[in-house]
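2 protein chains.
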Amino acid sequence: MLEPFSLLPPNASRSIDMEDGDILFRQDQPTSGLYRVVTGCVTLQRSSLNGDKLTLHRAIADGLFAEASIFSDKYHCDAVCTVPGRVLKISKADVISTMRTNPGFSEGFTRLLAVQVQRYRAHIEMLAIGSAKERVIAAVQAGYFDATVTELATRINLTHESCYRAFKDLCEDGRMIRTGRGRYQLTT
Amino acid sequence: MLEPFSLLPPNASRSIDMEDGDILFRQDQPTSGLYRVVTGCVTLQRSSLNGDKLTLHRAIADGLFAEASIFSDKYHCDAVCTVPGRVLKISKADVISTMRTNPGFSEGFTRLLAVQVQRYRAHIEMLAIGSAKERVIAAVQAGYFDATVTELATRINLTHESCYRAFKDLCEDGRMIRTGRGRYQLTT
DNA sequence: AACATCATATGATCCAAATCATAAAACTTT
DNA sequence: AAAGTTTTATGATTTGGATCATATGATGTT
Chain A
14 MLEPFSLLPP
24 NASRSIDMED
34 GDILFRQDQP
44 TSGLYRVVTG
54 CVTLQRSSLN
64 GDKLTLHRAI
74 ADGLFAEASI
84 FSDKYHCDAV
94 CTVPGRVLKI
104 SKADVISTMR
114 TNPGFSEGFT
124 RLLAVQVQRY
134 RAHIEMLAIG
144 SAKERVIAAV
154 QAGYFDATVT
164 ELATRINLTH
174 ESCYRAFKDL
184 CEDGRMIRTG
194 RGRYQLTT
Chain B
14 MLEPFSLLPP
24 NASRSIDMED
34 GDILFRQDQP
44 TSGLYRVVTG
54 CVTLQRSSLN
64 GDKLTLHRAI
74 ADGLFAEASI
84 FSDKYHCDAV
94 CTVPGRVLKI
104 SKADVISTMR
114 TNPGFSEGFT
124 RLLAVQVQRY
134 RAHIEMLAIG
144 SAKERVIAAV
154 QAGYFDATVT
164 ELATRINLTH
174 ESCYRAFKDL
184 CEDGRMIRTG
194 RGRYQLTT
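Line order of the protein sequences matches chains A and B. The first sequence maps to residues 14 to 201 in this note's numbering. The second sequence maps to residues 14 to 201 in this note's numbering.
Here it is as structure tokens:
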């Protein structure tokens, strides 16, 4: 995918190192930009009236967050660093002005969001699959199994134990084959 | 939310009645537009090499689908009617030309997608909540409980039985109150 | 080289949600 | 008014995934 943010002026983004617990923005603060995670993790959360926190998103490497801030006066949640690392802050003013002057950027940004919508929908359908085995199959078909079994498991709301067992059972069923330690692939 | 599609020329969309099993488009067909469901349900699915189908999305009343077709030459999945009803087909050519000539439309469309991304992320985090009771609480806080308990249950991947029991337990815990038959609301 | 950490892997046990069953109230439809 | 359907509701039972425990190979650090 073409990266629309490369079309922004060179000084539109700023690198920010973050420590555990650092707050990038708070709910109701005026919006100043969107972010891209380079390393680490940022958790977006909203505090309810009584005090308990609702996690809205956890952004990890290469993930954008607060895209909607471009269209809003205030951030609608808090952004807290939960794994130390680095983020790129992308200036709202620059995004807006570039959107108005550069149709390529505007279209690229819109496409990027459209593709994300597509992926999230597919992901939500995958999470609706009741059986661990079938969910693992769907996830592998969707190309989710690019790294470790543990990471795959977390992504599809399974424990790593259940995920290993699903792989094992699927191999016994002949629907997958073990190609090495922690390596499984679909048959057919 | 402002409805960007109201900015399209009057003849940009076309109403289509659909019966169960009707196919609105097939994978690899050239893209001609995106759709809005008026009534009924359209399932987007991709057929894998062996033959079994992977559901990517089920669009219901007021839901848009195939937004990414605007940026793609071919549909990347099949769209099949699974509950009879009616859809509005929105012409790709008109969307593209309006995006290029009307900044308000372009911005509105982008915002619409950004808000959807936001919602889907929050939804995915909600589905990661292990306990039925906590998931129900999060769903109610997010404003999901606007209709029936059964509908809420389906949205958050619970059976209606488990959802009723969660409500009951939460009332016993004093975290919710029953305000009538099938009516529950948060305390605090 | 020694040590720590992480991913892989599987066995044993537990438990919460699914499933199955039933029923009454509410609401459609005929 | 009767019949059918949907929603609400809860009890009994089952089961699949979570949890807990353990171990080994791989990787990374001092």
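Beta carbons are placed, not taken as given, at the ideal position from N, Cα and C, and that holds for glycine.
Asked: Option nearest residue 106(B) by Cα separation, candidates 43(B), 34(B), 172(B); Found: 43(B)
Asked: is_contact[residue 126(A), chain B] using C-beta, thresh 7 Å; Found: yes
Asked: Buried/exposed call for residue 190(A), threshold 16 Cβ in 10 Å; Found: exposed
Asked: contact_flag[the stretch 89–106 of chain B, the stretch 151–170 of chain A] where n(CB pairs < 8 Å) is 3 or more; Found: no
Asked: Any chain A beta carbon closer than 7 Å to residue 108(B); Found: no
Asked: For residue 85(A), three-class secondary structure by DSSP; Found: coil
Asked: Limits of the beta strand (DSSP E) - the one that residue 58(A) falls within; Found: 46–60
Asked: Minimum Cβ-Cβ distance from residue 118(B) to chain A less than 7 Å; Found: no
Asked: Neighbour flag for residue 130(B) against chain A, beta carbons, 7 Å; Found: yes
Asked: For residue 67(B): DSSP bridge partner residues; Found: 59(B)
Asked: CB-CB length for residue 69(B) against residue 138(A), believed under 8 Å; Found: 6 Å
Asked: Cβ pair count under 8 Å reaching 3, the stretch 118–129 of chain A against the stretch 60–69 of chain B; Found: no
Asked: Residue 70(B): contacting residues in chain A (beta-carbon distance under 9 Å); Found: 131, 134, 135, 137, 138
Asked: Paired residues, beta bridge with residue 96(A) - DSSP; Found: 54(A)
Asked: Interface flag, residue 174(A) vs chain B, CB-CB below 7 Å; Found: no
Asked: As assigned by DSSP and simplified to three states, the class of residue 30(A); Found: strand
Asked: Three-way DSSP call (helix, strand, coil) for residue 14(B) in this model; Found: With a pLDDT of 46 at residue 14(B), under the threshold of 50, the modelled position of this residue cannot be trusted; read the value that follows with caution. Residue state, collapsed to three classes: coil.
Asked: Run of the alpha helix (DSSP H) containing residue 183(B), from where it starts to where it stops; Found: 173–185
Asked: Three-pair Cβ contact test at 8 Å for the stretch 72–89 of chain A versus the stretch 24–44 of chain A; Found: yes
Asked: Separation of residue 183(B) from residue 146(B), as counted between CA atoms; Found: 7 Å
Asked: Chain B contact residues for residue 201(A), given Cβ-Cβ distances below 8 Å; Found: 62, 63
Asked: C-beta neighbour in chain A for residue 221(B), strict 7 Å; Found: Summary: the structure shown does not reach residue 221(B), with chain B confined to residues 14 through 201, and so no result is reported for it.
Asked: Any chain A beta carbon closer than 7 Å to residue 14(B); Found: Only weak support exists for where residue 14(B) lies, its pLDDT of 46 falling under 50; the value from the coordinates is given anyway. No - not a single Cβ of chain A is within 7 Å of the one on residue 14(B).
Asked: Residue-level contact to chain A via CB, residue 123(B), 7 Å cutoff; Found: yes
Asked: Cβ of residue 40(A) within 7 Å of any chain B Cβ; Found: no
Asked: As assigned by DSSP and simplified to three states, the class of residue 127(A); Found: helix
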